[in-house]
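Worksheet: one structure, shown below.
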Amino acid sequence: GQTFEYIKVSTPKPGVGLVEINRPKALNALFTPLILELNTAFRAFDKDPSIGAMVLTGSHKAFAAGADIKEMSTKNFADAYGADFIEVWSEMPNTIKKPVISAVNGHALGGGCELAMMADVLYCSEKANFGQPEVKLGVIPGAGGSQRLTQAIGKSRAMELILTGKSFSGQDAYDWGLAARVFKTPEECVEAALATAETIASYSRIAVKACKEVVNKSQDLGIREGVEFERRVFHGLFGSEDQKIGMTAFAEKKKPEWKHR
Ligand code: CO8
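All letters in the sequence shown, in the order written, are residues 28 to 288 by the UniProt record's numbering.
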């Protein structure tokens, strides 16, 4: 397989692709070469028919302590605008069709918090340290933080956090609805993310992709258009063999053998 410098890639459970950010010297600080590796890994898993869902994690100490401040410090407007700085970060949330679960332990600050929020489901451990501290550096969140955090936890809380740059814990992330689940230890957090990914991977690949697509649409559409979109996709699935396989298996009390893997 492909070798990477800043990430580790494996398939620890049937149908599950694991991507671990691995730049320990800089607390997994994110920079373009690392993001390009993440994109390559997610693209490969997305295309691999044996994979049904992915988990993204860091170390127990840091999911990612932000964008690389040393790399950014000398950029000027022309560098940032000219090269569309951060644009490559949008590939995972915008083009990957299979679900991604982020398992967040340790620091998830700035771009690290934003990367965690790009995943479809967020799990964390109690002591995870989230935050958008960009204001302290003279800038603002640049990889979706002001939008995704606000959508997840509401305007007043997000505004307070983004204006003060204060951190919040994994327990807070769970209490406020940013995290789907919170765990005592980093080990439990990663194990649970892998187990959930394995469950997802046991279902029809097209049904799973359609679930992700319709839930994501709810973020962009009003309720009426969203429900209409959902119904169209629902109707479309009656054209899939997996709809026949899944419903027949239920009626016959058998385990479905999905066609679309
Ligand atoms: N960038 C570059 N290097 C970093 C970063 C970072 N974000 N975070 C940590 N490091 C490095 C440190 O410089 C240090 O390196 P060295 O050993 O060479 O001095 C090493 O990692 C270990 O860090 P510390 O010694 O500071 O470890 P501590 O345990 O004392 O502290 C903290 C941990 C609290 C996480 C601390 O490192 C910290 O505050 N880091 C910066 C956090 C931050 O401000 N993040 C936001 C960055 S801005 C951002 O993400 C903007 C996003 C905009 C969109 C995306 C742009 C790409």
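Backbone N, C-alpha and C fix where the C-beta goes; we use that ideal spot for every residue, glycine too.
**Prompt:** Is residue 34 helix, strand or coil by DSSP?
**Reply:** Translated into positions along the sequence shown, residue 34 becomes position 7. In this structure, residue 34 counts as strand in the three-state DSSP scheme.
**Item:** Continuous beta strand (DSSP E) stretch holding residue 158: start and end
**Value:** The sequence position of residue 158 within the sequence shown is 131, counting from 1. Unbroken beta strand (DSSP E) run through residue 158: 156-158.
**Message:** Could you pull the DSSP bridge partners for residue 44 from this structure?
**Reply:** Here residue 44 refers to the residue found at position 17 of the sequence shown. BP columns for residue 44 point to 81.
**Request:** Give the range of the alpha helix (DSSP H) segment to which residue 69 is assigned.
**Result:** The residue you call residue 69 lines up with position 42 of the sequence shown. Element bounds for residue 69: 59-74.
**Request:** Please confirm if the stretch 218-231 is in contact with the stretch 245-257, defined as three or more CB-CB distances below 8 Å between the two stretches.
**Result:** Short answer: they don't touch.
**Prompt:** How close, in whole Å, do the beta carbons of residue 40 and residue 225 come, if the pair is a contact with beta carbons under 8 Å?
**Reply:** On the sequence shown, position 13 is the one that residue 40 refers to. On the sequence shown, position 198 is the one that residue 225 refers to. With a Cβ gap of about 5 Å, residue 40 and residue 225 count as contacting.
**Message:** Looking at the ligand CO8, does it come within less than 6 Å of residue 160, judged from the CB to the closest heavy atom?
**Reply:** Position 133 of the sequence shown holds residue 160. Yes; taking the cut-off as 6 Å, the Cβ of residue 160 has a heavy atom of the ligand CO8 nearer than that.
**Request:** Report the residue from 271, 128 and 237 whose alpha carbon sits nearest the alpha carbon of residue 145.
**Result:** As a first step, residue 145 must be located in the sequence shown, where it is residue number 118. By alpha-carbon distance to residue 145, the top candidate from 271, 128 and 237 is 128.
**Message:** Within a Cβ cutoff of 6 Å, which residues of the same chain sit near residue 31, ignoring the five residues on either side of it in sequence?
**Reply:** In the sequence shown, counting from the first residue as 1, residue 31 sits at position 4. Excluding sequence neighbours, residue 31 sits near 64.
**Request:** Reducing DSSP to helix, strand and coil, say where residue 283 ends up.
**Result:** Taking the first residue of the sequence shown as position 1, residue 283 is located at position 256. DSSP places residue 283 in coil when its eight states are reduced to three.
**C-alpha gap between residue 268 and residue 74, whole angstroms** = Taking the sequence shown and counting its residues from 1, the one referred to as residue 268 is at position 241. Taking the sequence shown and counting its residues from 1, the one referred to as residue 74 is at position 47. Computed Cα separation, rounded: 20 Å.
**Item:** Top-ranked residue by Cα proximity to residue 79, from 143, 221, 271 and 259
**Value:** Against the sequence shown, residue 79 aligns to sequence position 52. That would be 221, whose Cα lies nearest to the Cα of residue 79.
**Request:** Give the DSSP bridge partners of residue 208, in chain order.
**Result:** Taking the first residue of the sequence shown as 1, we reach residue 208 at position 181. Its beta-bridge partners are 150.
**Message:** Let me check you understand the geometry: is the CB of residue 109 closer than 6 Å to at least one non-hydrogen atom of the ligand CO8?
**Reply:** As a first step, residue 109 is located in the sequence shown; it is residue number 82 there, counting from the start. Because no heavy atom of the ligand CO8 lies under 6 Å away, the Cβ of residue 109 does not count as near it: no.
**Prompt:** Sorted by chain position, which residues of the same chain lie with C-beta nearer than 6 Å to residue 36's C-beta, five sequence neighbours on each side aside?
**Reply:** Here residue 36 refers to the residue found at position 9 of the sequence shown. Answer for residue 36: 46 and 68, listed in chain order.
**Prompt:** Are at least three pairs of beta-carbons, each pair with one atom in the stretch 112-119 and one in the stretch 256-275, less than 8 Å apart?
**Reply:** no
**Asked** Would residue 153 pass as a contact of residue 198 if the rule is Cβ separation under 7 Å?
**Response** In the sequence shown, the residue the question calls residue 153 occupies position 126. In the sequence shown, the residue the question calls residue 198 occupies position 171. Yes, Cβ-Cβ distance for residue 153 and residue 198 is below 7 Å.
**Request:** Tell me whether residue 134 sits in a helix, a strand or coil according to DSSP, three-state version.
**Result:** In the sequence shown, counting from the first residue as 1, residue 134 sits at position 107. Note: residue 134 maps to strand in three-state DSSP.
**Request:** For residue 107, name the three-state secondary structure that DSSP assigns.
**Result:** Against the sequence shown, residue 107 aligns to sequence position 80. Reduced to three states, the DSSP call for residue 107 is helix.
**Prompt:** Counting Cβ pairs, one atom from each stretch, are 3 or more of them under 8 Å apart for the stretch 100-107 and the stretch 129-138?
**Reply:** The stretch 100-107 vs the stretch 129-138: no contact.
**First and last residue of the uninterrupted beta strand (DSSP E) at residue 89** = The count along the sequence shown starts at 1 and reaches residue 89 at position 62. Where residue 89 is concerned, the enclosing beta strand (DSSP E) stretches over 89-91.
**Item:** Cβ separation of residue 61 and residue 93, assumed to be a contact under 8 Å, to the nearest whole Å
**Value:** Start at 1 with the first residue of the sequence shown, and residue 61 comes out as number 34. Start at 1 with the first residue of the sequence shown, and residue 93 comes out as number 66. Actually they do not touch by this definition, with Cβ atoms about 12 Å apart.
**Asked** Is the CB of residue 279 under 7 Å away from at least one CB in chain D?
**Response** The displayed structure is made up of one protein chain only, and chain D is not part of it.
**Message:** I want to check one thing, is the minimum distance from the CB of residue 306 to the heavy atoms of the ligand CO8 below 6 Å?
**Reply:** Lying before the first or after the last residue shown, residue 306 is absent from the chain, which here runs from 28 to 288.
**Supposed contact pair residue 180 and residue 204 - C-beta distance, whole angstroms, cut 8 Å** = For the purposes of this step, residue 204 is taken as residue 177 along the sequence shown, with counting starting at 1. For the purposes of this step, residue 180 is taken as residue 153 along the sequence shown, with counting starting at 1. Contact flag correct, Cβ pair sits at about 6 Å.
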